[in-house]
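**Q**
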Amino acid sequence: MSHDPASSRAQFNAHASKYAASEVHRHGPSLPVLLDYAAPNQRDRALDVATGTGNTAHALSPHVGEVVGLDLAEGMLAHARQRAQDDGHANASFVVGSAEDMPFPGDHFTLVTSRHAPHHFLNLDRFLAEAFRVLEGGGRLVIADQISPTPAVQLWMDRYQTLRDPSHHAQRTVEEWRELATAAGFVWTPHTLVPYRLDFAWWTAQSGCSPETVQRLRAHADALSETERQAAGLEYGGGALVAHHEQMMVVRLEKR
Ligand SMILES: C[S@@+](CC[C@H](N)C(=O)[O-])C[C@H]1O[C@@H](n2cnc3c(N)ncnc32)[C@H](O)[C@@H]1O
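Each number in my numbering corresponds to the 1-based position in the sequence shown with 185 added.
#1: How about R194: is its Cβ closer than 7 Å to a heavy atom in ligand 1?
#2: Do you know how far the Cα of A368 is from the Cα of R230?
#3: Give the DSSP-derived three-state secondary structure of E285 in the structure shown.
#4: Does at least one heavy atom of ligand 1 sit under 7 Å from the Cβ of H301?
#5: Is it buried or exposed for A206, if we count other Cβ within 10 angstroms and need 16 for buried?
#6: Which of the three DSSP states, helix, strand or coil, is assigned to R441?
#7: Using the three-state DSSP reduction, which class does L426 fall into: helix, strand or coil?
#8: Helix, strand or coil for S299? Go by DSSP, reduced to three states.
#9: Mind checking whether the beta-carbon of S333 lies closer than 7 Å to any heavy atom of ligand 1?
#10: So, at 6 Å on beta carbons, what are the nonlocal neighbours of T241 in its own chain, with the 5 sequence-adjacent residues on each side left out?
#11: Taking the alpha-carbon of N198 as reference, which of A263, L220, Q400 has the nearest alpha-carbon?
#12: Rounded to whole angstroms, what's the CA-CA distance from P336 to T347? Just pull it up for me.
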């Protein structure tokens, strides 16, 4: 799937207040796992890429020396800045910019994170190269992002996700992630998969789906066989799609 970066900006500026209020994003179970893998400390200069409304940056703020949140969408960053003020996170700042062309010098950060976002990046290899560049030696990149369980499900899944949110780009498998991260120079350390159940009504409302889009999503799911639905993590109740289950991969990549 392919789209213009302006698509992410437009999508997230339009729905920024819903993301600011979203429990899945504020407190979803990938966040404590990411923090555990990041092992932040007061000497850290941290960067949270595609920070959105700043959930990960705000979770890091009390544990690090400073944290910068980077995102394409000014509307999302406005919520992140307001929360920094409300919560007294004076060491958190927020900058507009792209994950694929970061406005920072090399060797600048000790910790980079990106949560629930890399599936939007058009060039994951560019993001990984940029994260490697801005990290100093010994630094770590911690990712939490949705993955496709198998290559067979991936095409169907990307179509499903893009119908719902046109700024979705690609949901990789763990193997794809491992190849790209290693090619960028990172050392892959053991990852974990965190299960999420996403309620269909909530999930479609979150990204502002029209009734027509909801119908297209249902048709896309209903066309699958029972075995394919299971592989795609779809949950049916009373004959209708009620939710889908996703795995969030959390991994710590090291620049040694
Ligand atoms: C689901 S939201 C972010 C969630 C947030 N990281 C959290 O933990 O709650 C995805 C974000 O990715 C941003 N985004 C998408 N593509 C981007 C890119 N190439 N560079 C920077 N930000 C991007 C969007 O603007 C959006 O704010």
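For each residue, glycine too, the CB sits at the ideal point set by N, CA and C.
As the structure is a prediction and not an experimental result, all values here were calculated from the model.
**A** So, from the listed chains and residues:
#1: yes
#2: 25 Å
#3: coil
#4: yes
#5: exposed
#6: coil
#7: strand
#8: strand
#9: no
#10: D233, T298, R300
#11: A263
#12: 17 Å
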